[in-house]
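Chemist: Each residue of the sequence shown is one higher than the one before, counting from 1 in the UniProt record's numbering.
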Amino acid sequence: MTILARALGFIFVIGLGYALKAKGIVRREDATIFSSLVMNITLPASLLVASATAQVSIDLYVPFILGILCNLFLDMVGYWEAKKSGQQTSIGLMQLSGYNIGTFTLPFVQAFFPLSSLLSVIVFDVGNAIMVLGGNYSIAAGVDEEQERMTVATFIKNLSRSVPLVVYLVSLSSAVCSIKLPRELIFALTIASNANPFLAMLMLGILLDLKLNWKEISRLAYLLSLRLGANILIAGVIYFLLPIDKTMKIMLLVCLVSPISVMSPIYALKLGSRSAEPANVNSLSILVSLVMMVLLIFLFV
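1. Which residue's Cα is closest to the Cα of residue 122: 288, 251, 206 and 293?
2. Could you compute how far the alpha carbon of residue 204 sits from the alpha carbon of residue 8?
3. Look at the Cβ atom of residue 59, then the Cβ atom of residue 248, and state whether they are nearer than 8 Å.
4. CA-CA distance, residue 109 and residue 51?
5. For residue 240, count neighbouring Cβ atoms within 10 angstroms of its own Cβ and tell me buried if that reaches 16, exposed if not.
6. Less than 8 Å between C-beta atoms, sequence neighbours within five positions excluded: which residues of the same chain meet that for residue 44?
7. For the putative contact between residue 296 and residue 253, defined by C-beta atoms under 8 Å, what is the C-beta separation to the nearest angstrom?
8. What does the Cβ neighbour count give for residue 152, buried or exposed, with the cut at 16 atoms within 10 Å?
9. Let's test the definition: count the other Cβ atoms within 10 Å of the Cβ of residue 282 and tell me whether it reaches 16, buried, or not, exposed.
10. Does the contact criterion of 3 or more C-beta pairs under 8 Å hold for the stretch 20-39 versus the stretch 135-145?
11. Per DSSP, what kind of secondary structure is residue 99 in: helix, strand or coil?
12. Should residue 177 be labelled buried (16 or more other beta-carbon atoms within 10 Å of its own) or exposed?
13. Along the alpha helix (DSSP H) that carries residue 59, what are the first and last residues, could you check?
14. With DSSP as the reference, label residue 68 as helix, strand or coil.
15. Per DSSP, what kind of secondary structure is residue 273 in: helix, strand or coil?
16. Report the residue from 17, 68, 36 and 48 whose alpha carbon sits nearest the alpha carbon of residue 187.
17. What is the rounded straight-line gap between the Cα of residue 304 and the Cα of residue 34?
18. Out of curiosity, what's the CA-to-CA distance linking residue 10 and residue 198?
19. Assuming contact is defined by CB atoms lying nearer than 8 Å, are residue 104 and residue 225 in contact in what I supplied?
20. Here's a check: name, in chain order, each residue in its chain whose Cβ is nearer than 7 Å to the Cβ of residue 228, leaving out the five neighbours to either side.
21. Does residue 144 come out as helix, strand or coil in the three-state DSSP assignment?
22. My assumption, with CB atoms under 8 Å, is that residue 261 sits in contact with residue 99. Please give the rounded CB distance.
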């Protein structure tokens, strides 16, 4: 009953954000304020608190490698679909790629799983961030000869400007080196950390856009089914074939049901997209991920 109440609480907060936007109390543009708070304050605080209790295992390289490989697999699926349907391959590749770990998955893990299990998610998102913040775009631009390539300097600059990624690396280094933060600092960070799930879910509700016609919905449902099918295939390989700890397997499955990265529609626009499809598929992926996440929580918590 506690798990159900928490899950319904998350859904309520997302619905609250959507209702506030629908009533005109907040605008969609206001989500950038919540995003800044989450990405620069509450999420980093959550990561630092998690690193204080994290236990480092020898197979932590697995989530990192999978964070990259899973993106590459989704890139191939997006490229194949775009080529088959006659769309621009670079945009098709881009709009299905990446995982929104920081503002979606981490709040769920923080609320429903032991804090120590966050480390696997953090390491997965380090690999994922490398692809989301430039890797996927570089590949997409590479398959389209007319597109401007991303330079190595720009790629590194994007990575260094990502506050969560920098904090990921600091948290991971602290855990590996057994560096403990002062208890007083952990207490202060916990206050911000506890606000992370609420702010992240409220932000997602404000960003959610459900103004679609039936023709668009059928196309978006097809794209999301491709992405979901690809992730289920990866999940099967991880759960049944990889010789790693069961807790890590569960955390990796949780990562795989994450929505599409918020960077994907931004880079699709940069690649020349004039359609609302990348943004719409991104919004609907949140709803699909919400259902899948709740199912996983009931299965494994």
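Virtual Cβ for every residue (Gly too), placed ideally from N, Cα, C.
Modeler: Once the coordinates are examined:
1. 251
2. Cα to Cα, residue 204 sits roughly 15 Å from residue 8.
3. yes
4. Cα to Cα, residue 109 sits roughly 14 Å from residue 51.
5. Exposure of residue 240 is indicated by the presence of fewer than 16 other C-beta atoms within 10 angstroms of its C-beta.
6. 163, 164 and 167
7. 6 Å
8. exposed
9. buried
10. no
11. coil
12. exposed
13. Counting along the chain, residue 59 falls outside any alpha helix (DSSP H), and DSSP gives it neither H nor E.
14. helix
15. coil
16. 48
17. Beyond the ends of the chain as shown, which are 1 and 301, falls residue 304; an answer cannot be given.
18. When only Cα atoms are considered, residue 10 and residue 198 end up about 8 Å apart.
19. Contact flag unset, no.
20. Excluding residues within five positions, the ones whose Cβ falls inside 7 Å are 288.
21. coil
22. 6 Å
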